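As C-alpha cells, the structure follows; a few thoughts come after it.
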Amino acid sequence: MDLPRHPNPGMSGPTGHPESDALRVSLAEADRLFADTPTLDAVSGCGMCWSDEELRLLGGDPTLVSEELLGRFALEVPSHWDAEEAPVTWQRLMPRLLRRLAGTPPDAGAMFDFELSHFAGGARFRSWPVERQAVVERCFGAILRVRLLDRFPDANDLFEGIAHATGDVRRLLDFLDAWTGPEADGAVLFLAMRYAEDLVWEDDGQVFFWWYDVDRTVLPAWFASPSVETRLDGYRQDCRNAVLLRECVRLIRAGERPSWFYQGYQAEGPFPVRVLPPTG
C-alpha cells in the first residue's frame with residue numbers, strides 16, 4: 000500500500016493538510032510583498048517573438064496577463080529581454096508564476112527544469128530584496144513538498160528547477176532533510192528513487208540538464224550521507240523498492256557498479272515508484 004497522499008492544492012484545493020496550508024500562506028505572503036512592483040508602459044523584448052500589445056500587457060497589471068502569455072514569458076530565453084529590465088518584470092509576475100507552478104496538472108507535460116533555468120538566467124534572483132527572496136524560497140519549498148506528497152511524476156524536474164532558480168542544491172536538500180515524519184520519509188524517498196540508478200551508473204547527463212555549471216558532486220554526496228539511509232530504516236524488508244534503494248545507497252558509498260542490467264530511463268522511472276509504510 001502507498002503512503003497517504005493528499006490532493007494537489009493548486010489554487011483552490013481543500014485545506015487541512017499542514018503542507019497545503021503552508022503553501023497557501025506563503026503564496027498569500029508573496030502576493031503582498033510583490034504588490035508594489037512598478038509597472039512599465041511596455042516590456043522591452045524581442046520584436047520577432049512578441050507583438051507590441053503583448054509587450055504592453057507584460058509591462059502592466061499582472062492580473063491582465065493571460066495564462067498562455069504568462070507561460071510563454073516563462074519559457075522565453077533570457078537574451079530576448081532587456082537585461083536591466085527583466086528582473087523587474089520577473090518580480091512583477093512572480094506571484095502569478097508561483098501559482099502557475101503550484102497548480103500545473105500532473106499530465107500537463109511541464110518542463111520545470113527548463114522553465115526555471117530561464118528564471119535563473121534572467122531574474123537576477125540574488126539581487127532582489129531579501130524579504131522577497133525569502134518568500135519565493137518558502138513558496139518553492141512548499142510547492143516541492145506538496146508535489147512530492149502527491150507523487151508528482153515530474154518531481155525530479157521540479158527539484159532541479161528550484162535548485163537552479165535559487166542557485167543552491169545543498170540548501171534545497173537541507174530543507175528536505177529538515178522535513179520529518181512518515182509522510183515526509185515516503186515523499187523524500189520517492190524523490191531519491193527518481194535518481195538512484197542513474198547515480199549508481201554515473202549516467203547523470205540528464206540530471207540538471209539545463210544547469211551546465213552545477214556542482215555534480217552534491218546529489219551523490221547526499222545519497223552517501225545518512226539522510227536517505229536513515230529514512231529507510233523503518234521500511235519493510237519485503238518492499239523491493241526499499242531494498243533496491245538501500246543497495247543503491249551502499250553502492251554509491253562504496254563507489255561500486257551494480258550487478259544488475261541497467262534499465263535506463265522510462266517515463267515512469269526505471270522501476271515502480273512506491274515505498275511500503277514502516278512496520279510497527
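The working numbering puts the first residue of the sequence shown at 0, with every later residue one more than the last. A virtual CB, placed ideally from N, CA and C, is assigned to each residue, including glycine. Source: prediction; values computed, not measured.
When secondary structure is reduced to three states using DSSP, residue 185 falls in the helix class. The C-beta separation of residue 159 from residue 112 comes to about 4 angstroms, placing the pair in contact by the 8 angstroms criterion. Taken atom to atom, the span from the alpha-carbon of residue 164 to that of residue 119 is near 5 angstroms.
Two segments are said to touch when three or more pairs of C-beta atoms, one from each, lie closer than 8 angstroms; by this definition the region 175-191 does not touch the region 205-219. Inter-segment contact for the region 96-103 and the region 37-51 is absent: fewer than three beta-carbon pairs are separated by less than 8 angstroms. In this structure, the beta-carbon distance from residue 187 to residue 249 does not fall below 8 angstroms. Under the 10 Å beta carbon count, residue 58 is surrounded by 16 or more other beta carbons and is classified as buried. DSSP lists 44 as the beta-bridge partner residues of residue 80.
In the three-state reduction of the DSSP assignment, residue 194 falls in the helix class.
In this model, residue 55 and residue 124 are separated by some 23 angstroms (Cα to Cα). Contact check for residue 206 and residue 197: beta-carbon distance about 6 angstroms, within the 8 angstroms limit, so the pair qualifies. Residue 63 is classed as exposed because its beta carbon has fewer than 16 other beta carbons within 10 Å across all chains shown. For residue 110, there is no enclosing alpha helix (DSSP H), as DSSP marks it with neither H nor E.
By alpha-carbon distance to residue 171, the top candidate from 138, 148, 200 and 149 is 138. Distances from the alpha-carbon of residue 77 to those of 61, 48, 94 and 53 put 48 closest.
Residue 141 and residue 21 do touch by the CB rule: their CB atoms are close to 5 angstroms apart, below 8 angstroms. Straight-line spacing of the CA atoms in residue 195 and residue 18 works out to 26 angstroms.
Annotation: the continuous alpha helix (DSSP H) that includes residue 72 extends over 66-74. When only Cα atoms are considered, residue 81 and residue 91 end up about 15 angstroms apart.
Cβ-Cβ separation between residue 150 and residue 157: approximately 12 angstroms, too far for a contact (criterion under 8 angstroms). Closest option to residue 162, judged by alpha-carbon separation, among 116, 183 and 190: 116. Approximately 6 angstroms separates the beta-carbon atoms of residue 244 and residue 191; this is inside 8 angstroms, confirming the contact. Under the DSSP assignment, residue 163 falls in the alpha helix (DSSP H) whose first and last residues are 154-165.
Excluding the 5 residues flanking it on each side, residue 246 has same chain C-beta neighbours closer than 8 angstroms at 257, in chain order. In the same chain as residue 168, and ignoring 5 residues on each side of it, the C-beta atoms closer than 6 angstroms to its own belong to 162 and 217, in chain order.
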